[in-house]
Structure formats: structure tokens, C-alpha cells
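Peer 1: In the working numbering, the protein residues as written are 32 to 290.
Before anything else, here's the structure in question.
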């Protein structure tokens, strides 16, 4: 597993697949408290015929570093990594907070984003009353309890409990400082009024049972995009691991041949 150092962080990443194809590399960007392994199914599938890159955002997974205050700063980490890897044109595939990073990249570098995929993401952060109460309680309960409550509600009802426990453990390994700081970054994220500037063909995939970022918020964003395709899947917020094969198939159809 290689690492790339940028602004006091060492970013763990994977760079796989053939380099001689004509398709722009896919860049998989995970969400809040997660890590690059959320994309295991998609990486294994697409690396057979095109270049695929994924990373642990700073402070997550096997990456070090903290101190970021905005989604734009996380986007700059991604841009720096792509520069290090010699990647110009690319296709960001972002889940949740990773989708916010993807939109930031598309606005900052429209000439470099060939297409874009937003999975369980939105253009303006609006929390439900329940989520707001949960975040308000974050200082009153043990950190692991807070993380567990967030992760459990991210899955659709009926998802295997043993799998959810594994994701809770992985998320609880993310330092509290990183988690709470990036909560603030997401809370202030708002590019909805600039959505019309994103002209790259965009696929928006959302879970029907997503209560973290409800479908209606995504549909509001989709209406503002000049070229958006929407797909709703019978899942919660954690689409990459709740319905991995179904999500991969939807991506396949949108991305088309790699050559």
C-alpha cells in the first residue's frame, strides 16, 4: 500500500488496473468516518479493464493527518494525489461526503472531470431533526456510542447486525477530532446554487431508505444539474456495501466501455 505525503498528512491509496486504455481513471472517494475499503466490490470489478484509484482521506483508515476545516481542503488533497500520479482527466465517484468532495472538484476543475458519480450525496447539507439531536448529544455520550448510533441508522432495516458491527468498529477508529471537525465542514457545505455550472454528465445513485441524507434532498439537487441521471436503489445510506453488485452494475451502465 503506497502513501503520498501532502500538507502534514500521509494519504494511503491504491492505484490499480491497466494504464493503456482510453478511458479516464475512476477515482473513488469515501464518506465521513469511512475508508477506501467501502469500494472493495467496485475496485475489484473495474480494475479488470480500466485504471482505478481510491484513497483514505486524511485522518481516516490508514491515512494520517488532521486539521482540515472545509470540504474544499479535502478536495485539494485529492487533487494533489492525482497530480502525484500524473492523472489529468478523471471520473470522481464519491459517496456521501465523498460526493461533496467530487462536486467541489467538478466546480474547481471542470476541464478535468469527464463524468461524475454521486452516491448518497447532496449539494446542500440539511439535517433532519433526529440527526440534529444526535449531533447535539455527541458531547454527552461516549464517542463510541455516538459513532455506533450514526452508523446503525445509516443502514436500511434488516441489514445483518454482524456486518454493521464491523463498520462501527472501523468508524470508531477515526479520531474524534477528525470526525467532529468534518461534521462542521459538511454542515457548512453548500454548492446547490452553483449546480448549474457542473456540465459533466452526472449519475446520482441514492438509497430509498436513506435517512441520513434523504432522497428528496438529492432530487432537489438533481433538478439543478444540466445533465443528471438518477437511480434509486432499495437500500439505506451505505449503498457501496449494502447493495455492492447492484451499485456496480448501475455504474457500469453509466460509464460504458473502457476503451
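Even glycine gets a Cβ: it sits at the ideal position worked out from N, Cα and C.
Predicted model only: the values in this text are computed from it and were never measured.
Roughly how many angstroms lie between the CA atoms of residue 262 and residue 116, to the nearest whole one?
Peer 2: In a straight line, the C-alpha of residue 262 is about 31 angstroms away from that of residue 116.
Peer 1: Are the region 178 to 186 and the region 93 to 100 touching, with three or more C-beta to C-beta distances below 8 angstroms?
Peer 2: With a cut-off of 8 angstroms, the region 93 to 100 and the region 178 to 186 do not count as touching, because too few Cβ pairs lie within range.
Peer 1: Using the Cα positions of residue 178 and residue 153, report the straight-line distance between them to the nearest angstrom.
Peer 2: Their backbone Cα atoms lie some 21 angstroms apart in a straight line.
Peer 1: Whose CA, out of 198, 254, 207, lies closest to the CA of residue 173?
Peer 2: Nearest of 198, 254, 207 to residue 173, Cα basis: 207.
Peer 1: Can you tell me the Cα-Cα spacing of residue 63 and residue 196, whole angstroms?
Peer 2: If I take the Cα positions, the gap works out to 17 angstroms.
Peer 1: Select from 42, 234, 49 the residue whose C-alpha is nearest the C-alpha of residue 81.
Peer 2: Checking every option, the nearest Cα to that of residue 81 belongs to 49.
Peer 1: Beta-carbon within less than 7 angstroms of residue 143's beta-carbon, same chain only, minus the 5 sequence neighbours each way: which residues are those?
Peer 2: Counting only Cβ-Cβ distances below 7 angstroms, and skipping sequence neighbours, we find 119, 120, 121.
Peer 1: Kindly list the residues whose CB is nearer than 6 angstroms to the CB of residue 243, restricted to its own chain and excluding five residues on each side of it in sequence; keep chain order.
Peer 2: 185, 268, listed in sequence order.
Peer 1: Can you say whether residue 205 is buried or exposed, counting buried as having 16 or more other CB atoms within 10 angstroms of its CB?
Peer 2: When all chains shown are included, residue 205 counts as buried.
Peer 1: Does DSSP classify residue 285 as helix, strand or coil?
Peer 2: DSSP places residue 285 in helix when its eight states are reduced to three.
Peer 1: Quick one: measure Cβ to Cβ for residue 147 and residue 217, integer angstroms, because I've assumed they're closer than 8 angstroms.
Peer 2: In fact, because the Cβ distance is near 18 angstroms, the residues do not count as touching under 8 angstroms.
Peer 1: Starting from residue 257, trace the beta strand (DSSP E) both ways and give me its first and last residue.
Peer 2: Note, residue 257: premise wrong, no beta strand (DSSP E); not H, not E.
Peer 1: With DSSP as the reference, please indicate the residues paired to residue 123 in a beta bridge.
Peer 2: Answer is 58, bridged to residue 123.
Peer 1: Count the other CB atoms within 10 Å of the CB of residue 258; is the residue buried (16 or more) or exposed (fewer)?
Peer 2: It counts as exposed.
Peer 1: Is residue 35 helix, strand or coil by DSSP?
Peer 2: Residue 35 falls in the strand class under three-state DSSP.
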